[in-house]
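This report refers to the structure that appears directly beneath it.
In my numbering, the protein residues as written are 2 to 350.
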């Protein structure tokens, strides 16, 4: 990073990764979330008590759909700058931290930690060679790529309404591999000739369910397209306890980054057993996501001369800088035991 760029941004009150100012800000935010987690510790109230239900209403908030997609439709060079170079995975990487041993494996690179996440997903989803797999909200296609490289006989379909991400998936995967296809729509808008009934052995979503409101309706869709005996695994951000302001993004600063999003309490998805049989769930310690975000933040600043001013305005540099700092602060308190990710396994009987 050039000193000139760093000074110019600092003069605009935009401070770089590792600076005294940004570390002070992140500590302040982490203390705020730590107080909130203590305030709501042990709260097992259902979301319905706070005027939100995962059993009724629209599949997702239509009024914020376009804003949600815009977060994933930023300049491609931005994502290319901070995501891992192998899979461009825009979700938590797995560094081995769990609640019994909340310690990050510092020997792992971001690229290696993303592979560790994929291995965990394959194990828990019980994916086998020859399966037909649906990647719901496939992002830049990282998991699709991993599956195609790992299993010579799987077929994979990705669903993604993002223009920027779909373009990358098409150019990097679809053009060169007959075992995969892409549907650039929302799951609720797909037709039977695009996503056929009773056709998938496995459905996996990674960082997609945060944008859904009505899980009952979603699982009704998924039940139709799973084969009998098929399974789905969902990877999603959760809080351990019910934290009211996390239930709707519009109640917090999350609305600036994930409009229409939700952080559901860990036990919420376990309540859904109507269309698909709930099999198991696992909480994943939040330090894994803190480390992922910290690495993204570092890489973002390592590339700041490339990004600013060619691709990002001054306001956008600040926007993304705050995004990394605020998100890190959410996962750091209580050694990652209050807010993290979870895996949920379901089966079609």
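Quick reminder that beta carbons are idealized off the backbone N, C-alpha and C, glycines included.
For clarity, every value in this text was computed on a predicted model and none was experimentally measured.
DSSP, reduced to helix, strand and coil, places residue 34 within a helical segment of the structure shown. Counting along the chain, no beta strand (DSSP E) covers residue 217; the unbroken alpha helix (DSSP H) around it starts and ends at 216-226. Under the three-state reduction of DSSP output, residue 59 falls in the coil class, being neither helix nor strand.
Taking a contact as a CB-CB distance under 8 Å, the pair residue 125 and residue 155 does not count as one, their CB atoms being some 16 Å apart. In summary, residue 240 is buried, with 16 or more beta-carbon neighbours lying within 10 Å of its beta-carbon over all protein chains present. Here residue 143 is near residue 89, since their CB atoms are less than 8 Å apart. Ranked by Cα distance from residue 325, the options 7, 24, 49 and 269 are led by 24. Out of 314, 296, 246 and 138, the CA that lies nearest to the CA of residue 170 is found in 138. A straight-line Cα-Cα distance of about 28 Å links residue 301 and residue 205. DSSP lists 238 and 285 as the bridge partner or partners of residue 342.
Between the stretch 237-251 and the stretch 218-227 there are fewer than three inter-stretch CB-CB distances shorter than 8 Å, so the stretches are not counted as touching. The DSSP-derived three-state label of residue 260 is coil.
In this structure, residue 343 and residue 237 form a Cβ contact; the two beta carbons are roughly 6 Å apart against a cut-off of 8 Å. Within its own chain, the residues whose Cβ lies closer than 7 Å to the Cβ of residue 327, once the five positions on either side in sequence are excluded, are 30 and 254, listed in chain order. DSSP, read as helix, strand or coil, puts residue 331 in helix. Residue state for residue 348 is assigned as strand, using DSSP reduced to three classes.
Taking the Cβ atoms as the reference, residue 96 lies roughly 5 Å from residue 289, within the contact range of under 8 Å. Residue environment for residue 308: buried (at least 16 other C-beta atoms within 10 angstroms of its C-beta). Between residue 291 and residue 83 the beta-carbon gap is near 15 Å, outside 8 Å, which marks them as no contact. Annotation: the stretch 81-166 contains the following complete segments of the alpha helix (DSSP H) (minimum length 4 residues), in chain order: 111-126 and 143-151. Apart from the 5 residues on each side of it in sequence, residue 202 sits with its Cβ closer than 7 Å to the Cβ of 132, 133, 134, 228 and 231 in its chain, given in chain order. Burial state of residue 193 is exposed, judged by a 10 Å Cβ sphere holding fewer than 16 other Cβ atoms. As the crow flies, the alpha-carbon of residue 175 is around 35 Å from that of residue 275.
Less than 8 Å divides the Cβ of residue 330 from the Cβ of residue 34.
Taking a contact as a CB-CB distance under 8 Å, the pair residue 112 and residue 86 counts as one, their CB atoms being some 6 Å apart. Out of 336, 318 and 282, the CA that lies nearest to the CA of residue 9 is found in 318.
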